[in-house]
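Residue numbers (full-length UniProt numbering): 1 to 266.
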């Protein structure tokens, strides 16, 4: 049975620890960005924890891709000019959410299809938009959004040369992890999860797919990679906010857990 060293409880503690650390000042853009990213990372990581506990690995590579994205974004924010980058990240996230809301209330065929699919009342949506002054706030937000992102498509494209996620990973010297955790498993996301299939009986009238065992090497690589990402994230955040006691305790618990796993395997 595979085991994970870092439990989700460590990740769940960080947002509150971060808030307590910066008090009494107000949360900055970077504080909010890290809280959002870590909270989202923890929720996905919990899913992997549950899958491993139940020896179910069919979706683990899909979730790992999402975790890797979070890891890269956190590393990018910490790399330089953190407050400005965090503000761009937050504005971009709000902009993407806004596009979803817009599709729901727009008075066109697309909006009508979405509302019908989810049984949403158009009059109630319009009332909400009017009462919350959404349209005016949206226009003001778009102006600020374009100003902050300087008309660049990707929020992380500070140099003008980071046009996609692959380029961002290259910029952060994480191309190898990108190939292993992101690009190599893109087929998994769209087709097979973490399962392997063999085609049996080539006769077109009787051909069928046979499910074979999970690849233990691939599964082990995924779990080890997730552990590395998680450990790095916890350490990076603790170091960023100078949480020396929390970092020391985390490292002690990490060593204890690792030693315990080694003993069990002997």
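Backbone N, C-alpha and C fix where the C-beta goes; we use that ideal spot for every residue, glycine too.
All of these numbers come straight from a predicted model, not from anything done at the bench.
Do residue i and residue j have their C-beta atoms within less than 8 Å of each other?
i	j	result
residue 68	residue 168	no
residue 28	residue 222	no
residue 284	residue 18	Absent from the model: residue 284. The displayed extent of the chain is 1 to 266, so no value can be given.
residue 6	residue 230	yes
residue 4	residue 52	yes
residue 148	residue 88	yes
residue 98	residue 138	yes
residue 115	residue 104	yes
residue 95	residue 145	yes
My guess is that residue i and residue j are in contact by the Cβ rule of under 8 Å, so how many angstroms apart are they, rounded?
i	j	result
residue 234	residue 250	6 Å
residue 181	residue 65	7 Å
residue 86	residue 30	4 Å
residue 21	residue 243	6 Å
For residue i and chain C, any beta-carbon pair shorter than 8 Å?
i	result
residue 56	The structure shown contains no chain C, having only a single protein chain.
Pick helix, strand or coil for residue i, following the three-state DSSP scheme.
i	result
residue 236	helix
residue 178	helix
residue 10	helix
residue 94	helix
residue 121	coil
residue 171	helix
residue 5	coil
residue 216	helix
residue 100	helix
With residue i as the anchor, note down where its alpha helix (DSSP H) starts and where it stops.
i	result
residue 110	109 to 117
residue 63	60 to 79
residue 150	Neither: residue 150 is in no alpha helix (DSSP H) and is coded neither H nor E.
residue 242	From DSSP, residue 242 is part of no alpha helix (DSSP H); its letter is neither H nor E.
residue 29	29 to 53
Determine contact between the region 68 to 78 and the region 36 to 44, defined as no fewer than three beta-carbon pairs at a distance below 8 Å.
yes
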